[in-house]
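Heads up: the sequence shown begins at 1 in the UniProt record's numbering, then just goes up one per residue.
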Amino acid sequence: MTTTTTARTRAGRGTRATRTARTTRVVRFVATRATRDGVARASSAKTNVLVVGGGGREHALCWRLASSASAGTLYCAPGNAGIARERGVETVTLNESDHAAVVGFCRERSIGLVVVGPEAPLVDGLADALAAAGVPVFGPSKSAARLEGSKAFMKDLCAKYKIPTAEYAKFTDAAKAKAYIESKGAPIVVKTDGLAAGKGVIVAMEIEDALNAVDDMLSGAMFGSAGEEIVVEEFLDGEEASFFAVVGGGKAVALASAQDHKRVGDGDTGLNTGGMGAYSPAPVVTPEITDVVMRDIIKPTVDGMAAEGCPFTGVIFAGLMISKDGTVKLLEHNIRFGDPECQVLMARLTSDLTALLLAAATGTLENAEVTWSDDSAVVVVMAAEGYPGSYAKGEKITNLDAAGAIDGVKVLHAGTASDADGDVVSSGGRVLGVTAYGSSITEAAERAYEAVDVIEWPGGFTRRDIGWRAIAREKAR
């Protein structure tokens, strides 16, 4: 159920003194009922929080968690140069793969909530170790993390619980995969079963490209063990969108919609990336589409995971394909906030993020509310020249404070570090997420690009058309 209310938020740089907010209430899928007292405790107590990760997603989460009324001391491991400069956040050195060390830190610092940002630690079982130690964790168990960690598992779940998705087949044998592809024709999609940093998907417009993808994946030449099994899918046509729901205790809360830009070049050209920019809300995700997704995709996923013995806690990020006639199909499920989508979601969130994530982690989402500004948000990714291929690191980046001082702008860090002199330098492929608010996608994009042009980084580049679909819709009104 969705209602609209008016809310006031504290004025500050990059926000409006008075903003209209939309409130989303919990959607219940199972009979299990949480106590109201549990929610009250989560919302009134100060909770020490540890965020695991060091990218743009984690900077956005830290930024919003630090503003939560219910947040106590906030730590991030390992963080980055921007997170280290974020007011109210302390970066710490922890090896996420050393589960005992993470648990020990949580006990030492009285951590009441761990938010695991990236998918890899979840697939590795970090949430299991924390849960076993009695530490509330926002993120799925190793078994439930298969929803992203194995595309074959996800597709089989869709088939069993009648979740609308593309027709598919699984293969470990190259000859059989090629025979299937030739029988279906192009365009067709070839995916690694395992995690491949967002790059294990080949949309082949020609048969030859699909056959080559089979060899590259199953041989281990490109993706190692992630390609030991592949999924070959029907090509779906339409408009893609990102849909997020916070899940815990068999319940789910829909978050705001977003749309990202995967291709590296303007006009959606070039290689796929982890994301070159995003905007929220996504006009294609109407209230009617939201209801369909919650009913036909999120609900059967949450219920199906519980039925399979791996109940889900955390965020479900559903990649959608929406056809011209409004038909919605699931492209894939992810088990973490998208990056860069998380940056525009956090820019629009006006309610207490700590309370929401703790309620999910403790199975007390009953009566949870999420409020959003009616402002739009756009993030433009600044990447290192050569990305998603090879690129230089250690390049100095300046004028970040000047960019962040522009009204409505927040510069979020992804792949950054500090050099010996304390200056910010590049340390990854996607380096900055220049995020801006506005009364429309058009206005937000203009502010974001104004800030991009202030930043001094000769080795960086951006797409110059982030938000083009939504901007075209706004101009057509």
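Don't be surprised by glycine CBs; every beta carbon is placed ideally from N, CA and C. Computed from a predicted structure; not experimentally measured.
Cβ neighbours of residue i in the same chain (closer than 6 Å, five flanking residues each side left out)
| i | result |
| --- | --- |
| glycine 270 | Arg263 and Val264 |
| lysine 46 | Gly72 |
| leucine 147 | Met154, His333 and Ile335 |
| aspartate 465 | Asp266 |
| aspartate 419 | Val425 |
| glycine 139 | Val116, Leu122, Ala127 and Gly314 |
| histidine 59 | Gly82, Ile83, Leu412 and His413 |
| serine 110 | Asn48 |
| lysine 151 | Lys191, Asp193 and Val231 |
Close Cβ partners of residue i (< 7 Å) along its chain, the five nearest in sequence each way excluded
| i | result |
| --- | --- |
| glycine 408 | Gly14, Ala436, Tyr437, Gly438 and Arg447 |
| glycine 38 | Confidence at glycine 38 is low in this model, with a pLDDT of 34, below 50, so the placement of that residue is unreliable and no value is reported for it. |
| valine 352 | Rather than valine, the amino acid found at residue 352 in this sequence is aspartate. Contacts found: Ser43, Ser68, Ala69 and Ser70. |
| alanine 417 | Asn80, Ala81, Val425 and Ser427 |
| cysteine 158 | Thr165 and Leu330 |
| alanine 135 | First, the residue type needs correcting, since residue 135 is valine and not alanine in the sequence shown. Answer for valine 135: Val103, Cys106, Ile111 and Val114, listed in chain order. |
Per-residue DSSP class, three states only, for residue i
| i | result |
| --- | --- |
| tryptophan 457 | coil |
| methionine 294 | helix |
| isoleucine 83 | helix |
| glutamate 233 | strand |
| aspartate 260 | strand |
| methionine 305 | helix |
| threonine 435 | strand |
| phenylalanine 337 | coil |
| phenylalanine 29 | Because phenylalanine 29 carries a pLDDT of 37, less than 50, the predicted location of this residue cannot be relied on, and the following value inherits that uncertainty. Phenylalanine 29: coil per DSSP, three-state reduction. |
| asparagine 147 | Asparagine is not the amino acid found at residue 147; the sequence shown has leucine there. Three-state result, leucine 147: helix. |
| leucine 406 | Note that residue 406 is isoleucine in the sequence shown, not leucine. Isoleucine 406 falls in the coil class under three-state DSSP. |
| glutamate 385 | coil |
| glutamate 240 | strand |
| arginine 430 | strand |
| valine 285 | coil |
| tyrosine 75 | strand |
| asparagine 399 | coil |
| threonine 442 | helix |
| alanine 40 | For alanine 40, the pLDDT reaches just 34, beneath the cut-off of 50, and the residue's location in the model is therefore unreliable, although a value from the coordinates is still provided. Note: alanine 40 maps to helix in three-state DSSP. |
| glycine 224 | helix |
| methionine 321 | strand |
| glycine 104 | helix |
| tyrosine 449 | helix |
| serine 67 | coil |
| lysine 475 | helix |
| threonine 273 | coil |
| tyrosine 161 | coil |
| valine 344 | helix |
| tyrosine 168 | strand |
Close Cβ partners of residue i (< 8 Å) along its chain, the five nearest in sequence each way excluded
| i | result |
| --- | --- |
| valine 411 | Gly82, Leu400, Ala403, Gly404, Leu432, Gly433, Val434, Thr435, Ala451 and Ile455 |
| glycine 275 | Gly198, Asp260, His261, Lys262, Gly338, Asp339, Pro340, Glu341, Val381 and Arg430 |
| lysine 475 | Thr442 |
| isoleucine 163 | Leu157, Asp296, Ile297, Pro300, Thr301, Gly304 and Leu330 |
| arginine 477 | none |
Contact under 8 Å by Cβ, residue i with residue j
| i | j | result |
| --- | --- | --- |
| alanine 120 | leucine 195 | yes |
| isoleucine 316 | threonine 301 | yes |
| asparagine 48 | glycine 104 | no |
| valine 137 | alanine 127 | yes |
| leucine 345 | alanine 256 | yes |
| glycine 248 | alanine 359 | yes |
| alanine 245 | alanine 252 | yes |
| alanine 145 | leucine 122 | yes |
| alanine 445 | glycine 467 | yes |
| valine 190 | asparagine 272 | no |
| alanine 306 | glycine 250 | yes |
| glutamate 233 | glutamate 167 | yes |
| cysteine 106 | leucine 130 | yes |
| aspartate 423 | lysine 393 | no |
Whole-angstrom C-beta distance between residue j and residue i, which should lie under 8 Å
| i | j | result |
| --- | --- | --- |
| alanine 230 | aspartate 193 | As written in the sequence, residue 230 is isoleucine, which differs from the alanine given in the question. About 6 Å separates the two Cβ atoms, so the contact holds. |
| alanine 66 | glutamate 86 | 6 Å |
| glycine 227 | isoleucine 207 | 19 Å between Cβ atoms; not a contact. |
| phenylalanine 235 | isoleucine 188 | 6 Å |
| tyrosine 180 | alanine 169 | 5 Å |
At least three beta-carbon pairs within less than 8 Å, the region 263-283 to the region 367-378
yes
Pairing CB atoms from the region 335-348 with CB atoms from the region 165-180, are three or more of them under 8 Å?
no
For the region 83-99 against the region 305-316, do three or more pairs of beta-carbon atoms, one drawn from each stretch, fall closer than 8 Å, so that the two count as touching?
no
Within the chosen definition, does the region 320-333 reach the region 230-249 through at least 3 CB pairs nearer than 8 Å?
yes
Are the region 206-220 and the region 284-295 touching by the rule of at least three beta carbon pairs closer than 8 Å?
no
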